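The structure appears below as structure tokens.
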Amino acid sequence: MEPQEHLEEKPLDFIRQIVAEDLQSGKHKTTITRFPPEPNGFLHIGHAKSICLNFGIAEENKARNARCHLRFDDTNPSKEETVYVQSIQNDVKWLGYDWGENLFFASDYFDQLHEFAIQLIKMGKAYVCDLSADEIRNYRGTLTEPGKESPYRNRSIEENLDLFLRMTNGEFADGSRVLRAKIDMASPNLNMRDPVIYRIMKTDHHRTGDKWCIYPMYDYTHCLSDMLEGITHSLCTLEFEDHRPLYDWVLDELETPCHPRQIEFARLNLTYTVMSKRKLLQLVNEKYVDGWDDPRMLTISGLRRRGYTPESIRDFCQTIGMGKKSSWIDMGVLEKAIRDDLDPKAPRMMCVLNPVKLIIDNYPEGTIEMMEAQNHPKNPEMGSRQLPFGRELYIERDDFMEDPPKKFHRLGPGREVRLRYGYLVTCVSYDKDETTGEITTIHCTYDPATKGGSAPDGRKVKGTIHWVSAEKGIDCPVRLYDRLFTAEFPDAEKGVDFKEYLNPQSKVVLEHAKAEPALAELEPGKQVQFERTGYFCADYVESETGKPVFNRIVTLRDSWAKEQGKS
RNA sequence: UGGGGCGUAGCCAAGUGGUUAAGGCACCGGGUUUUGAUCCCGGCAUUCCUAGGUUCGACUCCUAGCGCCCCAGCCA
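Right, here's the structure in full:
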């Protein structure tokens, strides 16, 4: 791929435009962004959008030494754990990004943050407030009414300093006092009504241990951390737009040497799923899914286990664009991204998901013939393999109908079909269990002149179906994954629990699919296409050596199913 | 009813006073095909939330309205 090709005419999104202007105007010599997760959960596809944005911008401006920091926003020890720190690093790396030396923690700045707080107090811009949480809420006012000033608002600087130091030393109980910025209780922006910037929390921190019993709040911490790292553009989601005045206030009051620009963009929403950490956590805790990395979860670890590639996720993030409009991306776009990535590179294999036996009556018994099969019809460099063919095979149950319509290009009584890389066969009869109505065996005859699947007389056979040798094929479990929810917007309906819309078919377990022998050795995690059905990979949790368990990543597009759906 | 945002096709999204209003997804036709896949070709907004106004000319500027999202954690 020519790098130039990528750049051609792809219009810059509004954030990249700002970055480019700042470089051109000389406002900045380089660009420094950051991805700032809180280590309190697993990353999901929504985070991928932010990761691709922040690391993407750094990558695009590599020539000017641009970089992107990974910074953990760990200011709330009651929710954060070191296991998340590890999983987040894994996921970012897996997506293909590298923060180099620039791994930071907001907790690294606790000392400096504390100094800045003292400075604010000395400037008369912050005060210790003894109001309880409830009282603070009551004093804050409402959306339409201004707040009231705290009775502690006008304490002397000396008293504030003393109290803050005693807070720091652990002299007061959790929740008994806070440090607040002194701004404006009548501001129409609630965030500016003397926001809390430090609270007492006698909780051990995953990195600083028991050193602190007060912890800084997000608004106060984030802007200063950005500043300390020399971030040029601080990119966050829309809900922080109202916080920007506070971000700017802290940096302005403290007269810091640099002042990063916060820019907000719309978070990712996808149809047929939920994205909030709370809801994902609920699905895990209440066992609706098998853990954070359940292949149906749109966590990065779930997608990875499902068989999605980092390339496809990055491509997806580029496709969806960047804007300030709250929007819903169709799940089909994500599915399209993985199909597009896998189509050129996934080897083709054969696996019969719902097997029914097919016997070729005129084929010699006890004979196994090796048939040559392309690993990729469009890419001969991927080579070929030998497929064992015999008198008894399995084919897909859906590929046979007792009384098929005209447009059905597969097997039916008297119909001829091509067994891919095998022979042309014609159905002569079939056996049926009269009590269940289930087809038990299909009998065919084959045309020995059609080895490989081509007819020397040039006759047209419209249908080609896949098959597996009954004798040489392997028995394997397959997990057919589908969208987790049946509703386009599972959490849109007020008063209806989103779990009502869980898709009962999101995981269909097939214990006895039949796969071609080579599939026994498929390396877990490696993606292949099962011809005519979809892209799959061997699950790296459940598979054992020589005994793969397959995950369906995504189906192939199926215009026949669509056609049937119409009638 | 306070404040902050946002409205271009079914879903995303370019467009920054003069273009036939990009592109992708979806959808609908057709072609190629030993995967009903892929690929290829074609179609898909006389109109940009609405109504006025400015202008020779408006998706772009102005005014008024309508709709949707976010904000009252000692969460981030």
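Using this note's numbering, you'd call the opening residue of the first sequence number 1378 and step up by one each time.
Virtual Cβ for every residue (Gly too), placed ideally from N, Cα, C.
This structure is a prediction, so every number in the text was calculated from the model and none was measured.
Let me make sure I understand the geometry here. Which of the options has the alpha-carbon closest to that of residue i?
| i | options | result |
| --- | --- | --- |
| I1513 | N1467, D1485, R1576 | R1576 |
| S1703 | T1614, P1782, I1736, T1686 | T1614 |
| W1471 | I1690, H1636, E1758 | I1690 |
| V1805 | T1812, R1797, Y1823 | Y1823 |
| G1679 | P1634, R1411, N1928 | N1928 |
| Y1858 | T1841, L1899, Y1685 | Y1685 |
| S1509 | P1528, R1584, I1534, A1425 | P1528 |
| E1769 | P1757, G1799, N1756 | G1799 |
| G1911 | Y1917, R1856, S1602 | R1856 |
| E1908 | E1893, I1608, D1551 | E1893 |
| G1477 | E1436, T1696, V1885 | E1436 |
For residue i, which residues from the same chain have a beta carbon less than 6 Å from its beta carbon, with the 5 sequence-adjacent residues on both sides left out?
| i | result |
| --- | --- |
| R1441 | T1407 |
| Y1474 | F1432 |
| E1746 | F1766 |
| E1688 | D1718 |
| N1646 | W1705 |
| H1820 | I1736, D1738, V1805, S1806 |
| Q1639 | S1611, R1621, Y1624 |
| E1921 | none |
Can you tell me the Cα-Cα spacing of residue i and residue j, whole angstroms?
| i | j | result |
| --- | --- | --- |
| G1830 | C1694 | 41 Å |
| S1484 | R1762 | 56 Å |
| V1926 | S1402 | 56 Å |
| L1896 | M1727 | 9 Å |
| D1561 | I1392 | 31 Å |
| D1507 | R1557 | 10 Å |
| D1707 | L1933 | 17 Å |
| R1554 | V1505 | 7 Å |
| W1589 | C1853 | 55 Å |
| Y1597 | C1445 | 21 Å |
| K1387 | I1434 | 14 Å |
| S1675 | D1720 | First, the residue type needs correcting, since residue 1675 is Leu and not Ser in the sequence shown. Going from the Cα of L1675 to the Cα of D1720 covers about 21 Å. |
| M1604 | P1634 | 8 Å |
| Q1381 | A1443 | Because the pLDDT of Q1381 is 37, which lies under 50, any placement of that residue in the model is unreliable, and the number read from its coordinates should be weighed accordingly. Roughly 20 Å separates the two Cα atoms. |
| H1372 | L1660 | The chain is shown from 1378 up to 1944; residue 1372 falls before or after that span and cannot be answered. |
| R1792 | C1429 | 52 Å |
| D1671 | Y1740 | 45 Å |
| N1515 | D1619 | 20 Å |
| W1844 | D1775 | 12 Å |
If I follow the unbroken beta strand (DSSP E) through residue i, where does it start and stop?
| i | result |
| --- | --- |
| L1658 | No beta strand (DSSP E) contains L1658, which is instead part of the alpha helix (DSSP H) from 1654-1662. |
| V1802 | 1801-1809 |
| N1928 | 1927-1932 |
| A1890 | 1884-1892 |
| K1734 | 1732-1737 |
| H1405 | Note, H1405: premise wrong, no beta strand (DSSP E); not H, not E. |
| G1473 | Run containing G1473: none; DSSP gives neither H nor E here. |
Kindly list the residues whose CB is nearer than 8 Å to the CB of residue i, restricted to its own chain and excluding five residues on each side of it in sequence; keep chain order.
| i | result |
| --- | --- |
| K1839 | H1786 |
| P1724 | N1752, H1753, M1759, V1905, Q1906 |
| A1397 | L1389 |
| M1778 | F1785, R1787, L1788, G1789 |
| K1559 | G1501, K1502, A1503, Y1504, R1530, D1571 |
Report the three-state DSSP secondary structure of residue i (helix, strand or coil).
| i | result |
| --- | --- |
| A1714 | helix |
| W1844 | strand |
| S1564 | coil |
| G1872 | coil |
| F1449 | strand |
| G1586 | strand |
| Y1597 | helix |
| L1389 | coil |
| T1614 | strand |
| R1517 | coil |
| L1384 | With a pLDDT of 41 at L1384, under the threshold of 50, the predicted position of this residue should be treated as unreliable, and no value is reported. |
| K1924 | strand |
| C1635 | coil |
| E1865 | coil |
| M1378 | Residue placement at M1378 is poorly supported in this model, since its pLDDT is 32, which falls under 50; the coordinates are not used for a value here. |
In chain order, what residues of the same chain have a beta carbon less than 7 Å from the beta carbon of residue i, not counting five sequence neighbours either side?
| i | result |
| --- | --- |
| L1384 | Confidence in L1384 is poor, its pLDDT being 41 and thus under 50, which makes the residue's placement too unreliable to answer from. |
| D1810 | T1817 |
Can you name the start and end residues of the alpha helix (DSSP H) that residue i belongs to?
| i | result |
| --- | --- |
| V1627 | 1621-1630 |
| A1854 | Before going on, a small fix: residue 1854 reads as Pro here, not Ala. No alpha helix (DSSP H) contains P1854, which is instead part of the beta strand (DSSP E) from 1851-1858. |
| V1838 | Run containing V1838: none; DSSP gives neither H nor E here. |
| Y1823 | No alpha helix (DSSP H) contains Y1823, which is instead part of the beta strand (DSSP E) from 1816-1823. |
| F1693 | 1687-1696 |
| A1435 | 1422-1437 |
| I1574 | Unbroken run through I1574 is the beta strand (DSSP E), 1573-1577; no alpha helix (DSSP H). |
Is residue i near the ligand ATP - that is, is its Cβ less than 7 Å away from at least one heavy atom of it?
| i | result |
| --- | --- |
| M1759 | No copy of the ligand ATP appears in this structure; indeed no ligand is present at all. |
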